[in-house]
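In what follows, a structure is listed as C-alpha cells, so that the remarks can point back to it.
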Amino acid sequence: RIQLQTSYDGHPQALINVGQIQQVLMNLIINARQAMSPGGRLTVQVKNHPETSIAEIVVKDTGSGIPADQLKKIFDRFFSTKTGDEAGQGGSGLGLALAREVIEAHQGRIRVESTVGKGTAFTLKLPLHQPAPTAPETPAAPQTSTATVPPAKIFRSTRKVTK
C-alpha cells in the first residue's frame with residue numbers, strides 16, 4: 028500500500044492528445060509505484076502558470092531514487108534502471124523515452140530530479156491553450172445619405188446626323 032496525494036492549482040487548459048498524456052502519466056505513476064516500498068507516498072500536482080503560459084504536472088515519489096550516473100541516460104531508448112528478475116521481468120527501457128517524445132511533440136518539456144534513498148520527481152511542462160484572438164470590432168459603417176433622383180429622360184432624335 029502507498030499513500031496518494033493530489034493537488035490541483037486552477038484548471039489549466041492545454042491543447043493535448045489526451046490518450047498520449049494519460050499514457051505518459053500512467054508510465055510515471057507505475058514507475059513511481061514500483062520504486063516505492065509499502066507506506067511510500069506518491070504525489071501528483073497540477074499547477075497553472077498563466078504568467079508564463081505553462082501548465083505544470085509533477086509526479087513525485089518517496090521511492091528508492093535514481094543514481095546520478097543513471098539520470099543522464101534515463102530518457103534513452105532501452106535504458107532501464109531495473110534489472111531483470113529470475114523470470115526476466117525488468118523494464119523495457121522504452122517508457123521514459125516515449126514519454127519524452129510525447130511531451131516534446133506537444134511542445135513541452137520533461138525533467139527529472141532524484142535523490143537516492145529519498146525519491147524522484149518528474150516535472151512536465153506543457154504550453155497553455157491560448158484562446159484565438161477575438162476579431163477587432165468592426166468599425167461603424169460610414170454615414171451615408173440617400174436622395175431620390177427622378178429618372179433621366181431619354182430623347183430620341185429623329186434628325187439625321189450628316190458630316
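Going by our numbering, the sequence shown opens with residue 28, and the numbers climb by one from there. Think of the CB as a built atom: it goes at the ideal place given N, C-alpha and C, for glycine as much as any other residue. Computed from a predicted model, the values in this text were never measured in an experiment.
Which residues in the same chain as residue i place their Cβ atom closer than 7 Å to its Cβ, once the five residues preceding and following it in sequence are excluded?
i: Gly-120; result: Arg-104, Phe-105, Phe-106, Ser-107
i: Gly-37; result: Asn-75
i: Ala-114; result: Residue confidence for Ala-114 is low, a pLDDT of 44 falling below 50, so the modelled location carries little weight; the figure read from the coordinates is stated next. Closer than 7 Å at Cβ, skipping near neighbours: no residue.
i: Ile-101; result: Ile-93, Leu-123, Val-139
i: Leu-98; result: Val-139, Ser-141
With DSSP run on the structure shown, which of helix, strand or coil describes residue i?
i: Asp-88; result: strand
i: Gln-32; result: strand
i: Asn-75; result: strand
i: Ile-48; result: helix
i: Ile-93; result: coil
i: Gly-146; result: strand
i: Ala-124; result: helix
i: Ile-101; result: coil
i: Glu-113; result: Here the model assigns Glu-113 a pLDDT of 46, short of 50, so the residue's position is not dependable, and the following value carries that caveat. Looking at Glu-113 - three-state DSSP - the assignment turns out to be coil, as it is neither helix nor strand.
i: Leu-55; result: helix
i: Ala-82; result: strand
i: Ile-43; result: coil
i: Gly-37; result: coil
Near residue i, what residues of its chain come up, given a Cβ to Cβ distance below 6 Å and the 5 sequence neighbours on each side ignored?
i: Glu-140; result: Ala-148
i: Ser-91; result: Ala-62
i: Leu-31; result: Leu-69
i: Leu-153; result: Ala-41, Ala-82, His-133, Gly-135
i: Glu-131; result: none
Report the CB separation of residue i from residue j in whole angstroms; it is logged as a contact under 8 Å.
i: Val-129; j: Gln-47; result: 5 Å
i: Leu-151; j: Pro-39; result: Going by Cβ atoms, the distance from Leu-151 to Pro-39 rounds to 11 Å, so no, they are not a contact pair.
i: Leu-125; j: Val-86; result: Their Cβ separation, rounded to whole angstroms, is 15 Å, which puts Leu-125 and Val-86 out of contact at 8 Å.
i: Val-73; j: Ile-57; result: Wrong, their Cβ atoms sit about 19 Å apart, outside the cutoff.
i: Ala-59; j: Asp-88; result: 4 Å
Note down, in chain order, each residue of its chain lying with its Cβ closer than 8 Å to the Cβ of residue i, except the 5 sequence neighbours on either side.
i: Gln-157; result: Ser-80
i: Gly-66; result: Arg-28, Ile-29, Gln-30
i: Phe-182; result: The pLDDT assigned to Phe-182 is 46, lower than 50, so where the model puts this residue is not dependable, and the model offers no usable value.
Strictly under 8 Å for the Cβ-Cβ distance: is residue i near chain C by that measure?
i: Ala-62; result: Among the chains of the structure shown, chain C does not appear; only one protein chain is present.
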